[in-house]
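Just below is one structure, and these are the notes that go with it.
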Amino acid sequence: MEKFDTIIIGAGPAGLAAAYNLKGNGQNVAVIENNLWGGTCPNRGCDPKKVLLSGVEARDRMAQLQNKGFDNVPFVNWEQLETFKEKFTKPVSTGSRKGIVDAGITAIDGQPKFTSEDTLVVNGIEYQADKFIIATGQRPSYLDIVGKEHLLSSTDFLSLKKMPEDITIIGAGYIAFELATIANATGAKVHIIHHNDRPLKEFDQEYAMELVKQLENKGIDFNFNVDTQSITAQDGKYLLKADNFELTTDLVIGATGRIANVDFLDLEKANVQYNRHGVVVNDHLQSTNENVYAIGDVVSTKQPKLTPVGGFEAGYVSDILLGKTDKKLELPLIPTVVYGSPKLAKVGEQTGDKIVEQDVTSWFTYSHTNEPVAKVKIVLNDKKQIIGATLLSNEADSLINLLTLAIKQKMSHEDVVKEIFAYPTAASDLEYLI
Ligand SMILES: Cc1cc2nc3c(=O)[nH]c(=O)nc-3n(C[C@H](O)[C@H](O)[C@H](O)COP(=O)(O)OP(=O)(O)OC[C@H]3O[C@@H](n4cnc5c(N)ncnc54)[C@H](O)[C@@H]3O)c2cc1C
Ligand SMILES: NC(=O)c1ccc[n+]([C@@H]2O[C@H](COP(=O)([O-])OP(=O)(O)OC[C@H]3O[C@@H](n4cnc5c(N)ncnc54)[C@H](O)[C@@H]3O)[C@@H](O)[C@H]2O)c1
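The UniProt record's numbering puts the first residue of the sequence shown at 1, with every later residue one more than the last.
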């Protein structure tokens, strides 16, 4: 039976980062993948979405400058943009697998199943390891409603051959907002249906509702407090029904959250506890089997499920396995961005001793591109140091990273004015924002 120092299950950003770390430090490592190498982010998540959003951003910038240099604003040509997107996604799986093999890591394709605490079987072959890392991520969860078989997922959306004229997205989280923004820019009529009235619930609701307003201005139809009960196929379209609500549409995307890929692994046989949120771990990302760890989206903790978080955890668990640390996991500040148009971003504390909120739409940074809205909320502590922020603007993604560093450096207004930032940029406004 082949034996490894560490076997990693799942070749997404988290699993691959751990594999390279461990191999680079002399371990004999294997990675097992049952689908596309590279995982969600580059195949069916962050990266393809960001390529499609590049079309939205170009169109929106032109729309903002209509009659100010541009006369006609075309819709995004979906077929062309999709083809461009495939340039990025098509090589990912082969390239990721090749990178692993070239690094001297054993690449195994197939569905692993534990047979005991230190052994698993893939394609009828048994493998043993001193340590295991589960990095199997999440997959879309589907609403359990009548007609659920008609629901498509974000993965399906990102590879649609043709954008329908009328598309409905159920849910109002990250995925719903981002996909709605993309579909809208192609000229499709977009409906969002949400079971309550709290979209993007972990964000400041004033900012989330301002984003809703901006998307409504672009023609997106939001339906709150609508709990979809059934989807029926009718004459090539779909009829959605809820209490006192009916909608006929061409395509329905479910974006109501994701569930952990913990089934199919026979984790019981390895004495690894799990629930629907993922693998249960302690503060060292160690499961109920001391030799099995979990990282990335599959971990059953409340940490945001994001690519850089998985990468950080991969580095941490690698250090544990290499004997470089025995400290408990301490995640740094995690900035997060909804890539709508405009973008909504937040980091750190949302309440503190002082909150400076400004509508900066008229400031040069935003008015020179005629942005429809730009709002900044900065949270300060009793020492007037920055401890958190929420931003809504087209610059929010880069500014939130700068604010993350400012929080880490415990910067106050006095510290900010001592720095020089390139002008004119969102960063050069910082001294006037706190
Ligand atoms: C539409 C979308 C957009 C996103 N946008 C962003 C973004 O902009 N920024 C951001 O930071 N994050 C984003 N995310 C989240 C990001 O993709 C994930 O946080 C990240 O991919 C998690 O990495 P991971 O390695 O933990 O899991 P994954 O990337 O999901 O990788 C897990 C791997 O394990 C494999 N696997 C699953 N089950 C098994 C099994 N039983 N046996 C063997 N292999 C298995 C899977 O096939 C997959 O390759 C997005 C997600 C989606 C869906
Ligand atoms: N930009 C990014 O960083 C980014 C982008 C996409 C995804 N992601 C990651 O992927 C995860 C999953 O994204 P998501 O949007 O699927 O999940 P989410 O948890 O962000 O949103 C799910 C939404 O569906 C709603 N919902 C639940 N049941 C419903 C029902 N019966 N009817 C209508 N709505 C219902 C929830 O209230 C919530 O608003 C995110 O939490 C995030 O970790 C990140």
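Cβ atoms here follow ideal geometry from the backbone N, Cα and C, with glycine treated the same way. Values in this document were obtained by computation on a predicted structure and should not be read as measured data.
Nearest neighbour of residue 190 by Cα position, chosen from 210, 208, 220, 162, turns out to be 220.
Beyond the five residues adjoining it in sequence on each side, residue 212 comes within less than 7 Å, by CB distance, of 199, 222 in the same chain, given in chain order. Between the alpha carbons of residue 225 and residue 205 lies a gap of roughly 15 Å.
Between residue 218 and residue 71, the alpha-carbon positions lie close to 18 Å from each other. Here DSSP, grouped into helix, strand and coil, assigns residue 295 to coil. Just so you know, the alpha carbons of residue 209 and residue 203 end up roughly 10 Å apart. Around the beta carbon of residue 312, 16 or more other beta carbons sit within 10 angstroms, so the residue counts as buried.
Burial of residue 136 is indicated by the presence of at least 16 other C-beta atoms within 10 angstroms of its C-beta. Counting along the chain, residue 306 sits inside no alpha helix (DSSP H), nor does DSSP assign it H or E at all. DSSP assignment within the segment 174-226 yields the following whole alpha helix (DSSP H) runs of 4 residues or more, N-terminal first: 174-185, 205-217. In the structure shown, residue 235 adopts coil according to DSSP, grouped into three states. Secondary structure of residue 419 (DSSP, three-state): coil. Cα atoms of residue 152 and residue 188: separation of roughly 17 Å, rounded to the nearest angstrom.
Residue 159 carries a coil assignment under DSSP once its states are collapsed to helix, strand and coil. Apart from the 5 residues on each side of it in sequence, residue 427 sits with its Cβ closer than 6 Å to the Cβ of 402, 421 in its chain, given in chain order.
Between residue 39 and residue 10, the C-beta spacing is below 8 Å. In terms of side-chain proximity, the C-beta atom of residue 396 is found no nearer than 7 Å to any non-hydrogen atom of ligand 2. In the three-state reduction of the DSSP assignment, residue 87 falls in the helix class, which pools H, G and I.
With a 10 Å radius around the Cβ and a threshold of 16 neighbouring Cβ atoms, residue 194 comes out buried. In the three-state reduction of the DSSP assignment, residue 364 falls in the helix class, which pools H, G and I. Apart from the 5 residues on each side of it in sequence, residue 349 sits with its Cβ closer than 7 Å to the Cβ of 379, 387, 388 in its chain, given in chain order.
Within 10 angstroms of the beta-carbon of residue 177 lie 16 or more other beta-carbons, which makes it buried. By the Cβ criterion, the segment 253-267 is in contact with the segment 162-172, since at least three pairs of Cβ atoms, one from each stretch, lie closer than 8 Å. Taking C-alpha positions only, residue 111 is separated from residue 284 by approximately 26 Å. Residue pairing by DSSP leaves residue 257 without any beta bridge partner. Burial check for residue 405: the Cβ neighbour count within 10 Å stays below 16, so the residue is exposed. Residue pairing from DSSP places residue 139 in a beta bridge opposite 259. Of the heavy atoms belonging to ligand 1, none sits nearer than 7 Å to the Cβ of residue 200. When DSSP states are grouped into helix, strand and coil, residue 280 belongs to the coil group.
The closest heavy atom of ligand 2 lies less than 7 Å from the beta carbon of residue 143. Comparing alpha-carbon positions, the option among 341, 26, 291, 381 lying closest to residue 103 turns out to be 26. Cβ-Cβ separation between residue 370 and residue 64: approximately 4 Å, consistent with a contact (criterion under 8 Å). A straight-line Cα-Cα distance of about 6 Å links residue 115 and residue 269.
For residue 129, the enclosing beta strand (DSSP E) covers residues 125-134. In the three-state DSSP reduction, residue 146 falls in the strand class (E or B). According to DSSP, residue 393 shares a beta bridge with 343.
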